[in-house]
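Reviewing the structure listed below.
In the working numbering, the protein residues as written are 1 to 258.
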């Protein structure tokens, strides 16, 4: 039902018409290069943060650290209360949201509809959603390789939440942060930002993304602090991508004048 509702929203809540003669919101050189620009902007964002933004980031770090101190009790609680039903919900639904099995085809359908019907918003959501998925994934993989944290299910048992081997340890340890949670929140944030005027869309997007994160703890694939940081990264990258205008960026305007 959720995907039917989101699909209907992506395909109907817009009256904007694309100007294809200007190559706006299409897969072209500008769009592809924007992957590089947005990744760079995300990595260099701390240089431009103001005091309020540093305060927010400090709060996120503090919350992640607090959760980190409780990783083992939280994991034990989830494993004690794990059930065949929770495993099935995770396997058939939530895990596939984080991996892109559901979200990427949905974005692809939105792009196809927007292109055929010449509607700007679903096309923009589709392209920005895929970009947020990719950019956030690149950032997360870099952090994973640098920290090399042991997953809850990995040997030796019992797994230890404070086992960080990075950056020169075991590449098989890649728990921190949660990639599925990051991906779910990055796509959810793009959709929620674009359709913020449709009251139910942000709530549903973020609830599903949050449940995706919890499913990773249920499945014993991640610690709670992995999920906490993954959600923050996904939200931040999704906001950055949704608020960028890669087709009319200053870079291309300057290039045009030459």
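Every residue gets a Cβ at the ideal spot worked out from N, C-alpha and C, and that includes glycine.
Bounding residues of the alpha helix (DSSP H) (the contiguous stretch that carries residue i)
i           : result
residue 71  : 71-80
residue 168 : No alpha helix (DSSP H) holds residue 168; DSSP gives it neither H nor E.
residue 99  : 95-99
residue 38  : 29-48
residue 180 : 179-194
residue 132 : 120-147
residue 105 : 103-117
residue 202 : 200-218
residue 86  : 84-89
residue 235 : 224-243
Beta-carbon contacts of residue i that lie in its chain and below 6 Å, excluding the five residues immediately before and after
i           : result
residue 167 : 146
residue 21  : A caution first: residue 21 carries a pLDDT of 37, below 50, which makes its placement in the model unreliable, though a value can still be read off. Nothing listed; no residue qualifies.
residue 182 : 136, 140, 230, 233, 234
residue 62  : none
residue 193 : 242
Residue i versus residue j - alpha carbon distance
i           : j           : result
residue 110 : residue 195 : 13 Å
residue 157 : residue 52  : 42 Å
residue 74  : residue 142 : 26 Å
residue 185 : residue 238 : 7 Å
residue 64  : residue 198 : 31 Å
residue 124 : residue 33  : 16 Å
residue 120 : residue 191 : 14 Å
residue 307 : residue 26  : Outside the shown range of the chain (1 to 258) lies residue 307, about which nothing can therefore be said.
residue 220 : residue 104 : 25 Å
residue 214 : residue 31  : 33 Å
residue 89  : residue 223 : 19 Å
residue 172 : residue 244 : 35 Å
residue 44  : residue 82  : 40 Å
residue 46  : residue 37  : 15 Å
residue 228 : residue 48  : 24 Å
residue 206 : residue 66  : 22 Å
residue 210 : residue 55  : 23 Å
residue 102 : residue 126 : 13 Å
residue 312 : residue 87  : A question about residue 312 goes unanswered here, because the residues of the chain that appear run from 1 up to 258.
residue 170 : residue 80  : 29 Å
residue 91  : residue 50  : 41 Å
residue 23  : residue 200 : With a pLDDT of only 42 at residue 23, under the threshold of 50, the placement of this residue in the model should not be trusted; the figure read from the coordinates follows. Their backbone Cα atoms lie some 32 Å apart in a straight line.
Proximity below 7 Å, CB of residue i to CB of residue j
i           : j           : result
residue 187 : residue 129 : yes
residue 35  : residue 225 : no
residue 165 : residue 154 : no
residue 71  : residue 161 : yes
residue 78  : residue 218 : yes
residue 57  : residue 132 : no
Per-residue burial, residue i [other beta carbons within 10 Å of its own, 16 or more giving buried]
i           : result
residue 203 : exposed
residue 177 : buried
residue 212 : buried
residue 189 : buried
residue 261 : An answer regarding residue 261 cannot be provided, because it is not within the stretch 1 to 258 covered by the chain.
residue 59  : exposed
residue 85  : exposed
residue 152 : buried
residue 29  : exposed
residue 118 : exposed
residue 144 : buried
residue 208 : buried
Residues near residue i by beta carbon distance below 7 Å, same chain, minus five either side
i           : result
residue 180 : 95, 98, 99, 212, 216
residue 150 : 159, 160, 163, 173, 175
Residues near residue i by beta carbon distance below 8 Å, same chain, minus five either side
i           : result
residue 254 : For residue 254, the pLDDT reaches just 43, beneath the cut-off of 50, and the residue's location in the model is therefore unreliable, although a value from the coordinates is still provided. Nothing listed; no residue qualifies.
residue 39  : 135, 138, 139
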